[in-house]
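Undergrad:
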Amino acid sequence: MCGPQDTGRPRGGALVALGPPSTIISAGSQDMHILRGDLVFHTPGSPGTLAATHARLTPGAACGNMADLGTIRVVIHSSGDLTKTASECGQFRQFALPGASAAAFVELPLEQPLSLEVGGGGIIGRRVSLCSRPASGQEFVVAEGIVGFNFVEPSSAALQ
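Take the sequence shown: its position 137, counting from 1, is numbered 349 in the working numbering, and each next residue is one higher.
(1) My guess is that residue 264 and residue 226 are in contact by the Cβ rule of under 8 Å, so how many angstroms apart are they, rounded?
(2) Does the beta-carbon of residue 253 have 16 or more other beta-carbons within 10 angstroms, so that it is buried, or is it exposed?
(3) Would you mind sorting residue 356 into buried or exposed? The rule is 16 or more other CB atoms within 10 Å of its CB.
(4) I need the boundaries of the beta strand (DSSP E) containing residue 271, first residue and last residue.
(5) DSSP on residue 229, reduced to helix/strand/coil?
(6) Taking 8 Å as the line, does the beta carbon of residue 360 fall inside it for any heavy atom of the ligand COA?
(7) Please name the residue in 305, 340, 224 whose C-alpha comes closest to that of residue 257.
(8) DSSP on residue 299, reduced to helix/strand/coil?
(9) Does residue 356 come out as helix, strand or coil in the three-state DSSP assignment?
(10) Do residue 284 and residue 309 count as a contact pair if the criterion is CB distance below 9 Å?
(11) Take the Cβ of residue 214 as the centre, count every other Cβ of all protein chains shown within 10 Å, and call the residue buried at 16 or more, exposed below.
(12) Have a look at the DSSP bridge pairing and note the partners of residue 283.
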């Protein structure tokens, strides 16, 4: 990641740059609930670890009212293939994010740590879908992306 070191966002771990789902379903108001932002898997205070104990969703500035989305279900798929539908990519892990509020982000501890490795039991390279079910209506995908590394720049003192 580029930019200042004091962004308030977690450094290290894994990052999913969330964008519109690859298969957008036009169903009235659902078009308005496409989410952009970042989903970071990290361990607070341990940016270099190879396991994540927390997940943090930071919506983009143009997201609108996150409360309209209801509870968000995060699905980490078995594959990272964006040319297929989400249902064709299998399911590796899933968990729910609590109802969104006016806060700048939503964070929660994970029930089980996630491995930040490529292949096997790791999540790097896997597809992630965020699904929402409003108070009245059917669940739909509001964002997706691929898990990548969220690098931490080594300090210049560590390089000497």
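Glycine is no exception: its CB is placed at the ideal position from the N, C-alpha and C atoms.
TA: Here's the rundown:
(1) Right, the Cβ-Cβ distance comes to about 6 Å (below 8 Å), so this counts as a contact.
(2) buried
(3) buried
(4) 263-271
(5) strand
(6) Looking for the ligand COA in the displayed structure turns up nothing, as the structure carries no ligands at all.
(7) Distance from the Cα of residue 257 is smallest, within the candidate group 305, 340, 224, for 224.
(8) Three-state DSSP puts residue 299 in a helix.
(9) Reduced to three states, the DSSP call for residue 356 is strand.
(10) It is a contact, given that the beta carbons lie within the stated cut-off.
(11) Any reading at residue 214 is ruled out, since the residue's pLDDT is 44, under 50, leaving its predicted position unreliable.
(12) 345
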